[in-house]
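**Q** Just dropping this structure here.
There are 2 protein chains.
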Amino acid sequence: MTYVLYYWPGIQGRGEYVRLALEEAGAKYVDIALVSEEDGGGVPALERYLEGADVTRPPFAVPFLKAGRLLLGQTPNILLYLGGRLGLAPRDEAGKLWTHQLQLTIADLIVEAHDTHHPIGSGLYYHEQKREAKRRARDFLAHRLPKFYGYFERVLERKLGRGPWLGPRWHWPAVDSVERLAGEANRDAPDDRYLQLNSRSATAAVTIA
Amino acid sequence: MTYVLYYWPGIQGRGEYVRLALEEAGAKYVDIALVSEEDGGGVPALERYLEGADVTRPPFAVPFLKAGRLLLGQTPNILLYLGGRLGLAPRDEAGKLWTHQLQLTIADLIVEAHDTHHPIGSGLYYHEQKREAKRRARDFLAHRLPKFYGYFERVLERKLGRGPWLGPRWHWPAVDSVERLAGEANRDAPDDRYLQLNSRSATAAVTIA
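What follows is the structure, given as structure tokens:
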């Protein structure tokens with residue numbers, strides 16, 4: 001099967017979660033962001049599914065993945081599907097749900113990290129909400145990030161990363177976390193401490209794998 | 210099997226997502242929020258799993274569900290599991306993933322609705338971030354909520370709710386949405402329009418089922 005990944009051209013964003021899983025597994029896929037509009041790619045290809053009246057199960061937003069007749073939206077949902085198909089997740093139900101649970105927790109962390117830059121609106125620029133961003137970032141650093149780190153560190157301490165559900169390959173929750181946080185760190189982050197903490201989190205995520 | 214649901218006593222919150230699925234299916238379960246501390250319930254029972262060093266696959270936060278030997282965290286993950294077990298979700302892979310996709314989209318909406326009250330920090334009171342809340346609520350009402358409504362309305366128009374994956378029973382994404390939004394509407398909402406829109410969303414969600 002040749003998968004087709006739909007995401008905005010020019011940015012990593014949430015598309016990178018899916019891209020890395022596909023790359024890691026060596027799956028065949030077309031990245032619509034890299035296909036020219038003349039050849040049926042780019043933004044019009046996304047809009048056709050986001051707005052098309054003939055799409056039976058439309059996605060709410062990018063990324064979405066075409067896998068044969070399946071059209072899948074929601075990053076965690078796509079990774080749940082690919083994790084099983086591409087051998088990046090355990091096959092037993094308990095391991096599969098645990099992996100999904102970790103991925104959802106990482107996704108929550110990323111939303112909160114993102115919202116430190118955009119506490120008022122994701123459609124507004126950072127400079128339009130800078131004062132609020134600084135306040136939210138302080139709260140995030142003081143209360144939320146330590147809670148997430150404490151959690152992932154407890155998971156690591158229990159050496160669950162050495163359990164039967166992880167082989168020598170990178171695992172998608174980890175891949176996911178590293179890339180997203182690296183992406184965040186390259187942006188207009190509220191302060192240096194945030195960058196450092198992102199870096200630390202990326203290291204922790206690699207260690208899980 | 211008797212399920213055990215762990216959530217804070219005294220509030221609906223995300224525990225209600227799971228509670229309603231269990232209730233709707235007539236499943237046997239113990240609601241730890243309703244069990245006294247003397248009898249092993251209440252907050253200490255939650256903390257035992259959230260902080261216990263001997264928990265193999267610890268949840269990050271409540272709600273979590275004990276299902277035999279499984280300990281499951283993350284609301285969408287719990288609903289994914291229960292949806293299959295309790296006959297509240299389709300059995301085929303495509304339908305199961307589509308249902309999960311809708312549920313994740315509803316969960317995204319709820320996070321954004323919640324954050325209109327708490328744009329700076331979930332640990333701060335509303336009155337400590339009222340000015341920012343009003344600004345975020347305006348942006349949410351102008352841009353985000355219409356996008357979510359537009360999406361769910363498109364889903365409804367395509368009569369996917371009449372497809373083979375939905376019977377006469379309430380479906381968990383719908384149950385989920387109604388209860389959560391009703392809960393939000395009872396709080397200190399930024400303005401009346403927000404209440405009205407919540408009510409409209411609840412109606413749409415019922416119609417899906």
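Chains as they are written, first to last, in the numbering used here: chain A, 1 to 209; chain B, 210 to 418. A virtual CB, placed ideally from N, CA and C, is assigned to each residue, including glycine.
Would you kindly work out how many angstroms separate the C-alpha atoms of A/V155 and B/D263, rounded to a whole number?
**A** If I take the Cα positions, the gap works out to 11 Å.
**Q** Examine chain A for any beta-carbon lying closer than 8 Å to the beta-carbon of B/E337, and answer yes or no.
**A** no
**Q** Taking the DSSP output, what are the residues bridged to A/F64?
**A** A/Y6, A/G73
**Q** Could you give the C-beta distance for B/H326 and B/A316, rounded to a whole number, given that I count them as a contact under 8 Å?
**A** Incorrect: roughly 17 Å between the Cβ atoms, too far for contact.
**Q** In whole angstroms, give me the CA-to-CA distance for A/R57 and B/E246.
**A** The straight-line gap separating the alpha-carbon atoms of A/R57 and B/E246 is approximately 46 Å.
**Q** Given that a residue counts as buried once 16 or more other Cβ atoms are within 10 Å of its Cβ, and exposed if not, what is A/V18?
**A** buried
**Q** Which whole-angstrom value is the C-beta distance of A/Y3 and A/I32, which I expect to be below 8 Å?
**A** Cβ-Cβ separation between A/Y3 and A/I32: approximately 11 Å, too far for a contact (criterion under 8 Å).
**Q** When you compare only the Cα positions, how much space is there between A/F148 and A/A137?
**A** 15 Å
**Q** Alpha carbons only, please: which of A/G13, A/L72, A/E112, A/D139 is nearest the one belonging to B/T308?
**A** A/L72
**Q** So, helix, strand or coil for A/V111, using DSSP?
**A** helix
**Q** List the residues of chain A that B/R223 touches, going by C-beta distances under 7 Å, in chain order.
**A** The premise fails here: B/R223 is roughly 12 Å from chain A at the closest Cβ pair, so nothing lies under 7 Å.
**Q** In three-state terms, what does DSSP make of A/L181?
**A** Low local confidence applies: a pLDDT of 48 at A/L181 is under 50, so the model's placement there is unreliable, and no value is given.
**Q** What does a CB cutoff of less than 8 Å around B/L333 pick up in its chain, not counting 5 residues either side in sequence?
**A** Listed in chain order, the non-local C-beta contacts of B/L333 below 8 Å within the same chain comprise H327, local neighbours out to five positions each way being set aside.
**Q** Pick helix, strand or coil for A/D31, following the three-state DSSP scheme.
**A** strand
**Q** Which of helix, strand or coil does DSSP assign to A/Q12?
**A** Three-state DSSP puts A/Q12 in coil, outside helix and strand.
**Q** Cβ of B/A254 within 8 Å of Cβ of B/L295?
**A** no
**Q** Taking DSSP as the reference, what is the three-state secondary structure of A/V55?
**A** Annotated three-state conformation of A/V55 is coil, per DSSP.
**Q** Could you check the C-alpha separation between A/Y81 and B/L306 for me, to the nearest Å?
**A** Rounded to whole angstroms, A/Y81 to B/L306 spans 8 Å at the Cα level.
**Q** A/E132 lies in the alpha helix (DSSP H); which residues open and close that run?
**A** 130-139
**Q** Taking C-beta pairs closer than 8 Å, name the residues in chain B that A/L124 reaches, listed in chain order.
**A** D348
**Q** Between which residues of its own chain and A/L70 is the CB-CB distance below 8 Å, once the five residues before and five after are set aside?
**A** Taken in chain order, the residues that qualify are Y81.
**Q** Are B/V252 and B/P299 closer than 8 Å when you measure CB to CB?
**A** no
**Q** Quick check on the burial criterion: 16 or more other C-beta atoms within 10 angstroms. Buried or exposed for A/R135?
**A** So A/R135 counts as buried.
**Q** Rounded to whole angstroms, what's the CA-CA distance from A/Q129 to B/Q338? Just pull it up for me.
**A** 14 Å
**Q** Taking DSSP as the reference, what is the three-state secondary structure of A/D92?
**A** If DSSP states are grouped into helix, strand and coil, A/D92 belongs with coil.
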